[in-house]
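Heads up, the thing below is written out as C-alpha cells.
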Amino acid sequence: MSDLKPARVRFAPSPTGRFHIGGARTALYDFLLARQTGGQFILRIEDTDRKRYVPGAEGEIMESLRWLGLDWDEGPDIGGPYRPYRQSERTEFYQQHAENLVARGHGYYCFCTPERLSQLRKQQQKLKQPPRYDGHCRRLDPEEARGRVADGESFVIRFKTPREGSTTAVDLLRGPITVENSTLDDYILLKSDGLPVYHLAAMVDDHMMKISHVFRGSEWLPTFPLHVLIYEALDWEQPIWVHLSIFLNPSGKGKMSKRDAGVNEIYVLDLKQMGYLPEGLLNWIALMGWSYDDRTEFFTLDELIEKFSLQKLHPSPAAVDYKKLDHFNGNHIRSLAPDELADRLRPYLKMEGLEVNEGILQQITPLVQERIRTLDEAADIAGFFFHKTVEPDPSELIGKNMTREESIVATRRSYEVIESLPTIEVEPLEAALRVLAEEMNLTAGQLFGILRIAITGQRISTPLIESMEVIGKQEVLNRITRAVDLLESQAER
RNA sequence: GCCCCCAUCGUCUAGUGGCCCAGGACGCGGCCCUCUCAAGGCUGAAACCGGGGUUCGAACCCCCGUGGGGGCACCA
Numbered sequence: 126m127s128d129l130k131p132a133r134v135r136f137a138p139s140p141t142g143r144f145h146i147g148g149a150r151t152a153l154y155d156f157l158l159a160r161q162t163g164g165q166f167i168l169r170i171e172d173t174d175r176k177r178y179v180p181g182a183e184g185e186i187m188e189s190l191r192w193l194g195l196d197w198d199e200g201p202d203i204g205g206p207y208r209p210y211r212q213s214e215r216t217e218f219y220q221q222h223a224e225n226l227v228a229r230g231h232g233y234y235c236f237c238t239p240e241r242l243s244q245l246r247k248q249q250q251k252l253k254q255p256p257r258y259d260g261h262c263r264r265l266d267p268e269e270a271r272g273r274v275a276d277g278e279s280f281v282i283r284f285k286t287p288r289e290g291s292t293t294a295v296d297l298l299r300g301p302i303t304v305e306n307s308t309l310d311d312y313i314l315l316k317s318d319g320l321p322v323y324h325l326a327a328m329v330d331d332h333m334m335k336i337s338h339v340f341r342g343s344e345w346l347p348t349f350p351l352h353v354l355i356y357e358a359l360d361w362e363q364p365i366w367v368h369l370s371i372f373l374n375p376s377g378k379g380k381m382s383k384r385d386a387g388v389n390e391i392y393v394l395d396l397k398q399m400g401y402l403p404e405g406l407l408n409w410i411a412l413m414g415w416s417y418d419d420r421t422e423f424f425t426l427d428e429l430i431e432k433f434s435l436q437k438l439h440p441s442p443a444a445v446d447y448k449k450l451d452h453f454n455g456n457h458i459r460s461l462a463p464d465e466l467a468d469r470l471r472p473y474l475k476m477e478g479l480e481v482n483e484g485i486l487q488q489i490t491p492l493v494q495e496r497i498r499t500l501d502e503a504a505d506i507a508g509f510f511f512h513k514t515v516e517p518d519p520s521e522l523i524g525k526n527m528t529r530e531e532s533i534v535a536t537r538r539s540y541e542v543i544e545s546l547p548t549i550e551v552e553p554l555e556a557a558l559r560v561l562a563e564e565m566n567l568t569a570g571q572l573f574g575i576l577r578i579a580i581t582g583q584r585i586s587t588p589l590i591e592s593m594e595v596i597g598k599q600e601v602l603n604r605i606t607r608a609v610d611l612l613e614s615q616a617e618r
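Here our numbering = 1-based position in the first sequence + 125.
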C-alpha cells in the first residue's frame with residue numbers, strides 16, 4: 126500500500142449502451158487507486174437520460190466489472206453510506222442544489238422552448254456565430270420567474286456563467302487550463318423533466334459522495350471549466366481531476382467507436398466470449414495511457430495495484446492494438462497453473478460442442494498451454510482428443526515427397542511397431558518411431574507428418590507423440606487402421 | 001466556423017537539460033531450436049513533426065506553424 130491518503134474514487138458509467146474497453150480502463154484506474162491507497166471504489170450509475178436508457182446495460186456493466194475482478198465497495202446493488210448510487214433515485218438532491226444555485230445568483234430559470242432554441246441555433250449558424258444561448262431568460266426578474274414557475278410553466282435551470290473574465294481548471298496530467306468565460310455557455314443544469322444533466326448531477330454526487338479523484342474521459346475537457354465554476358459557485362472543494370485520453374481506432378484515425386464493433390471487438394463481454402482472459406485484457410488496457418518503467422510490461426492485477434501511480438499516466442490518445450492484446454493474453458495463459466487453465470478451458474471446449482472428458486482435459490492442458498493465445502483456440506488445436514473418430518483428408522495422408530504406396534507401407538509398419546510396444550509412453554514410442562523412420566529412409570518429419578494426419582486429422586496439432594500417449598494405444602491403432610483404409614481405397618479409385 | 005487537448009520507431013511507450021548518434025514491448029525480417037503449430041533464444045530494419053528562440057548544451061523549456069484528436073444538445 127502506498128503512503129497516499131485513502132482515495133475515494135468512483136466509476137460512473139451511463140447505462141446507454143454496451144460496456145467497452147474504454148470504460149474498462151477508466152474503471153481499472155479507479156480501482157487501482159482505491160485499492161492501492163486503501164480507499165473505496167464506488168460504482169455509480171448515471172441514468173438521468175431517460176431517452177437513451179438501455180435496459181440491461183446496467184447489468185452488463187456489472188457483469189463485465191465482476192468478470193474483470195474490479196469489485197466495488199459501494200454501489201447500486203450493495204448500497205453504502207452515500208446511497209442511493211443510481212442518479213435516477215437522487216433527483217431531490219439535484220433539484221435542491223439547482224435551486225440553491227438560483228438563490229445564490231449563479232443560476233436562473235429559463236422558459237425558452239426547444240423550438241426557440243433550435244431556431245436560435247439555426248440563425249447563429251447562418252451568421253457563423255458560435256451556437257450559444259442568447260441570455261433571453263437571464264435578464265428576467267427573479268421574482269417574476271419564480272411566479273411563472275409557481276404557475277406551473279415549464280422551465281429549465283441554467284447556469285449563470287460569468288460574462289467576463291476567465292476560468293482556470295487544473296488537470297493532473299495537463300496542468301492549468303484557462304479559458305475565457307465568454308467562450309462558455311449558460312448550460313442547462315436541470316431539464317424540464319426535473320432531471321439533471323451530467324454537469325449538475327456528477328458535480329453534486331462527487332461532492333456528496335466525497336470523491337477525492339475524478340477519472341473521466343478527455344471528452345469532458347471542453348466543459349471542465351464549467352464544472353469548476355459550479356464547484357466555486359457552491360463553495361465546494363474540488364477533487365483532483367484526471368482526464369484520461371480516449372482510445373483511437375487501430376488505424377489511429379478517429380476515436381474507437383461502435384462502428385468498430387464486429388470488425389474489432391471493443392466490448393468486454395465479447396472479448397470474454399472470444400477467449401481472452403481478464404488478466405490479459407487488464408494488462409493490455411492498463412498499459413494504454415500508463416506505464417511503469419522502460420522494461421516491465423507483464424502485470425497481474427495485484428502487481429498493478431502495487432505499481433500504479435498517477436505520475437506515470439500519459440495524456441495523449443492511444444490507438445488500440447489487438448495484436449498486443451493477443452500477446453498479453455498468451456503470456457497470461459502460459460503463466461496460469463495447469464489446473465487453473467483446465468478450468469478456464471472447459472467452457473470454451475463445451476461451447477464448441479465437444480464432450481469434455483476430465484481425465485483427457487487434465488492431460489492435454491500442458492500440451493495446449495504453450496501454443497494458444499486465446500482460450501477458444503484450444504478447440505482448434507486439440508478438439509480431436511474429444512472426437513470419437515477423425516476424418517483425415519486422404520490426400521493429406523501421403524507423406525511429403527512420398528508416393529501413395531510408400532505412405533501405405535509407412536503407415537502399416539507404424540501400426541506394427543506401435544502394436545508391438547507394451548505401452549506407448551512418450552519415450553519408448555518416440556524412440557521406436559524414429560528407428561522405424563530411419564529403417565525406411567524417411568525423415569522423422571515425413572513419418573510424423575503422416576501419423577499426425579492419421580491420428581489428429583489435422584495439419585496443426587499438439588505434439589504428436591504426447592498426443593498419442595494421451596489418446597491411448599488402442600485408439601491410436603484404430604485411427605492408423607482407418608488411415609490405411611483411406612489410403613488404400615483411394616489407391617483403388 | 002469557434003473552443004480545448006495532444007505530438008518519440010507502423011503501434012503502445014521509456015525518457016522530465018548533459019547518462020540518448022534515443023531504451024523496451026507488439027508487429028515485421030533473418031538465424032537457432034524443432035514431429036506440425038507455437039513457445040523460447042539470438043539478431044536486423046524502424047522514431048525525437050517543422051521552424052524559430054532560451055542555454056555552454058535540448059527529445060526534454062518557450063513561441064509560431066503543421067498534423068492528429070476531442071467538444072460545441074433539455075446526451076453522457
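A virtual CB, placed ideally from N, CA and C, is assigned to each residue, including glycine.
- Per DSSP, reduced to three states, the secondary structure at residue 219 is helical.
- Burial check for residue 147: the Cβ neighbour count within 10 Å reaches 16 or more, so the residue is buried.
- Rounded to whole angstroms, the separation of the alpha carbons of residue 416 and residue 434 is 9 Å.
- A contact between stretches requires three or more CB pairs, one per stretch, nearer than 8 Å, and the region 373 to 380 fails this requirement with the region 318 to 332.
- No Cβ-Cβ contact shorter than 8 Å links residue 343 with residue 443.
- One Cα belongs to residue 168, the other to residue 212, and the distance between them is close to 11 Å.
- When 279, 528 and 354 are compared, the shortest CA-CA separation from residue 318 is found for 279.
- For residue 180 and residue 215, the gap between their C-alpha atoms comes out near 19 Å.
- Judged by DSSP in its simplified three-state form, residue 480 adopts coil rather than helix or strand.
- In this structure residue 511 is not in contact with residue 554, their Cβ atoms being roughly 21 Å apart against a cut-off of 8 Å.
- For residue 512, no alpha helix (DSSP H) encloses it, and the DSSP letter there is neither H nor E.
- A direct Cα-to-Cα measurement between residue 349 and residue 338 gives close to 14 Å.
- Of all C-beta pairs linking the region 282 to 296 to the region 197 to 207, fewer than three are shorter than 8 Å, placing the two stretches out of contact.
- Around the Cβ of residue 566, a 10 Å sphere holds fewer than 16 other Cβ atoms; the residue is exposed.
- Excluding residues up to 5 positions away in sequence, 140, 141 and 172 lie with their Cβ nearer than 8 Å to the Cβ of residue 178 in the same chain.
- Contact between the region 189 to 201 and the region 228 to 239 is absent: fewer than 3 CB-CB pairs across the two stretches fall below 8 Å.
- The C-beta distance from residue 492 to residue 600 rounds to 16 Å, too long to fall under 8 Å, and the pair is not in contact.
- Assignment of beta strand (DSSP E) within the region 131 to 208, counting only whole runs of 3 or more residues, yields 133 to 136 and 165 to 168 in chain order.
- Going by DSSP, residue 296 is part of the beta strand (DSSP E) stretching over 291 to 296.
- Taking the Cβ atoms as the reference, residue 165 lies roughly 5 Å from residue 133, within the contact range of under 8 Å.
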